[in-house]
Structure formats: structure tokens, C-alpha cells
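Notes follow the structure.
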Amino acid sequence: MKISTKGRYALRFMLDLAQHQQEGYVALKDIAQRQGISKKYLEQIVPLLNKADILRANRGYQGGYMLAKSPDKYTVGDILRITEGSIVPVACLDETAGPCSRSDSCMTLGIWKGLNKVITDYLDGITLQKILDDSREQAIQEYYI
-12 MKISTKGRYA
-2 LRFMLDLAQH
8 QQEGYVALKD
18 IAQRQGISKK
28 YLEQIVPLLN
38 KADILRANRG
48 YQGGYMLAKS
58 PDKYTVGDIL
68 RITEGSIVPV
78 ACLDETAGPC
88 SRSDSCMTLG
98 IWKGLNKVIT
108 DYLDGITLQK
118 ILDDSREQAI
128 QEYYI
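Counting from 1, position 129 in the sequence shown corresponds to residue 116 in the numbering used here; the numbering is continuous, with no gaps.
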């Protein structure tokens, strides 16, 4: 499994919204500038997130985007599934592809299922809030060192 630029940028986009949630709607140009991501690229990612109903959008003078829920309700796994389509490590585990013709006799299927469980448990165990909290904790520790 390799996470694309789209998935990585979507996560950075969502984290930026989480960091600035107290400001209300955040302009896309501001996020692009802070994150060093082209605004045009973010404009391609936002519709995917919008379609999944995880953002609130507001047009106009003070328009922009904000999270639809609190940062502790979004996991890295959720965001990557929206942007990547799937996070399974091998195609035979992708439910949309249908069952593999060899699944009944495949000696390696258990390995891929185990790896998928580790990946899923890990990514679904990390929320945007946890990333923010860990980042703040690291900054505090670095300050005191």
C-alpha cells in the first residue's frame, strides 16, 4: 500500500482545519499557503471530502471550509479511505473487486488479512485530535529540553 499525494495532502488539509477550528470558516488560499500546497491541488481534493459530508463550506466574502464535526471524530483511516478509495494492502482484500478465485486455497491470504488488520487498527486509532495533542506535547517537550 502506498499513500498518494492526494491522501497525504487531504490529511494535512483536515489537520489545518482542525488547528484553526476556532476561527470559523477558513479560506482555501490560507490553508494552501500555510501547508505549502497549491490551491489548485486542494481544489481537486475538497470535492471528495465535501461529498463525504465531513466538511462545511461557505461561499462569499468570509467563505471557506470548516470541519463538520470535532477533530476527535475523524480518523486518519477515514480520511485516507475517502481520498484513496481503499487502504487494503492487496487487491484480493478489496471488497469492491469481488472475491478472489483462489481465496479458498490461498496459503498467503491469512498474511494479507493480518497485515490489513494491523493497518486498519493503526490508522483508525489515530484521530485528528490525537495528532494535534501529540504535536503540542512534542513542542512542549522540545521547549523544555
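In this text, a Cβ means the ideal position worked out from N, Cα and C, and glycines have one as well. Quick caveat, the model's predicted, so the values are computed rather than measured.
What's the gap between the Cα of V75 and the Cα of D81?
-> If I take the Cα positions, the gap works out to 6 Å.
Where does Y109 sit, in a helix, a strand or coil, going by DSSP?
-> Assignment of Y109 by DSSP, reduced to helix, strand and coil, places it in the helix class.
Does the pairing of the region 48 to 66 with the region 111 to 124 give three or more beta-carbon distances under 8 Å?
-> Short answer: they touch.
Could you tell me which of K(-7), A14, G23 and L(-2) sits nearest to Q31, measuring between CA atoms?
-> Out of K(-7), A14, G23 and L(-2), K(-7) has the C-alpha closest to the C-alpha of Q31.
Given that a residue counts as buried once 16 or more other Cβ atoms are within 10 Å of its Cβ, and exposed if not, what is P58?
-> Counting of Cβ neighbours within 10 angstroms places P58 among the buried residues, the total reaching 16 or more.
Express the C-alpha separation of Q125 and G72 in angstroms, rounding to a whole number.
-> If you take the alpha carbons of G72 and Q125, they lie about 32 Å apart.
Go ahead and pull the three-state DSSP assignment for M94.
-> Residue state for M94 is assigned as coil, using DSSP reduced to three classes.
Please go through the same chain and pick out, in chain order, the residues whose beta-carbon is closer than 7 Å to the beta-carbon of N45, but skip the five residues on each side of it.
-> Excluding residues within five positions, the ones whose Cβ falls inside 7 Å are Y12 and G51.
Would you report the Cα separation of D91 and W99, rounded to the nearest angstrom?
-> Roughly 14 Å separates the two Cα atoms.
Candidates R89, A14, G97 and K104: closest to Y48 by CA position = Ranking the options by Cα distance to Y48, first place goes to A14.
In chain order, which continuous runs of the beta strand (DSSP E) of length 3 or greater are located wholly inside the region 16 to 94?
-> List check, beta strand (DSSP E) in window: 42 to 45 and 51 to 54.
Use the C-beta contact count for M94: other C-beta atoms within 10 angstroms, 16 or more gives buried, fewer gives exposed.
-> Classification for M94: exposed.
Could you tell me which residues DSSP pairs with T(-8) in its beta bridges?
-> For T(-8), which the question treats as bridged, DSSP gives no partner whatsoever.
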